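What follows is one structure encoded as structure tokens, with my remarks underneath.
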Amino acid sequence: MVLTKESDFVEIDYVGRIKESNKIFDLTFEDLAKKENIQSVGHHHYGAKVICLGMNNILSAIDKFLINKETNKTYTLELSSDQAFGKKDPKLMKIFPADALRKQNINPVPGLQINATGLLGTIVSVAGGRVTIDFNHPLASKNLVYELTINKIVSDDKQKLSSLVQSLIGLHDHDFTISLENNKAVIKSGTKLSDQTKEVFTKKVKVIIPNIDVSFSE
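Sequential numbering of the sequence shown, starting at 61, is according to my numbering.
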């Protein structure tokens, strides 16, 4: 029996639910998203995910949980709000004049997510010409339940590298291509990357996948 260990790349599927309501907030299964009619709620990229254990590509509590586990098995993990996205901070509840938002072509209604002062927030209430916006994480103070399936340990270097581009640089898989030959990888991105980003990424890859040399082409 092979168990996962730190620094392994693993392919996982998951469904994340709010414990109290059983509402799904994140998942990898497109068919379930269609069934639950939640495709428009921020789930843009479906399919199994490849992560490197120990790198905290996902919530730290999930990362730790997935170490020393069997593959091809499904596990249930309950997380308290402290283990997940923390408690709500009252200081992140802000009040804005409704007119100020309307001048930005924002029609303030409860539940609307907006970007204000560079932060993503959710409008909680609109009353007396004032708008209350909650800048806490939407899942703050929520207890969560994850169903996690470890499909396999990934051995393919190209898959490993692709997962690192997505997690460390933040590009989606359709935003870049990778060619790999004789342990030399060339990453071609449609997004212009800074020299610092490239340098930091290259150094991290050398530590995580030491047999691969990385260069960029734009």
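Beta carbons are placed, not taken as given, at the ideal position from N, Cα and C, and that holds for glycine. It should be emphasised that the depicted structure is a prediction, and the values quoted were computed from it without experimental measurement.
Out of the options, state which residue places its alpha-carbon closest to the alpha-carbon of residue i.
i, options, result
"S141", "S201, D86, L87", "S201"
"K264", "N82, K220, L204", "K220"
"K212", "N116, I122, I111", "I111"
"S185", "D91, P170, Q256, D149", "P170"
"R162", "G189, S277, K154, N116", "G189"
"D255", "E278, D233, K266, N242", "E278"
"S120", "H105, Q143, Y106", "Q143"
"D233", "N203, H105, T257", "H105"
Between the C-alpha atoms of residue i and residue j, what's the straight-line distance to the nearest angstrom?
i, j, result
"F85", "E207", "12 Å"
"G178", "Q164", "14 Å"
"I193", "L180", "9 Å"
"S227", "K129", "22 Å"
"H103", "L87", "Because H103 carries a pLDDT of 48, less than 50, the predicted location of this residue cannot be relied on, and no value is offered for it."
"V62", "E259", "35 Å"
"I269", "D68", "10 Å"
"P168", "A93", "28 Å"
"S222", "L231", "9 Å"
"Y135", "T262", "34 Å"
"I229", "I238", "14 Å"
"A108", "F89", "8 Å"
"K83", "P150", "24 Å"
"T257", "V267", "16 Å"
"K218", "A187", "54 Å"
"S81", "N203", "10 Å"
Since residue i and residue j should fall inside the 8 Å C-beta cutoff, what is the C-beta to C-beta distance between them, to a whole number of angstroms?
i, j, result
"N97", "L152", "Not really, about 30 Å apart at Cβ, beyond 8 Å."
"I122", "T209", "In fact, because the Cβ distance is near 12 Å, the residues do not count as touching under 8 Å."
"L289", "F276", "With the chain running from 61 to 278 in the structure shown, residue 289 is simply not present."
"N271", "N243", "5 Å"
Does the distance from the CB of residue i to the CB of residue j come in under 8 Å?
i, j, result
"L199", "F125", "no"
"A245", "D216", "no"
"L113", "V70", "yes"
"E66", "I118", "no"
"T131", "T182", "no"
"I166", "I155", "no"
Return the chain-ordered list of same chain residues with a C-beta closer than 7 Å to the C-beta of residue i, the five sequence neighbours on each side being excluded.
i, result
"D235", "S249, G250, T251"
"V225", "L231, F236, I247"
Please go through the same chain and pick out, in chain order, the residues whose beta-carbon is closer than 6 Å to the beta-carbon of residue i, but skip the five residues on each side of it.
i, result
"V205", "R77, K79, E138"
"L172", "I183"
Which residues in the same chain have their Cβ closer than 8 Å to the Cβ of residue i, if we skip the five residues on either side of it in sequence?
i, result
"P157", "G189, R190, V191"
"V159", "The question names Val, but residue 159 is Asp in the sequence shown. Result list for D159: G189, in chain order."
"V148", "Per the sequence shown, residue 148 should be read as Lys rather than Val. Closer than 8 Å at Cβ, skipping near neighbours: D194, N196, A200, S201."
"N116", "D123"
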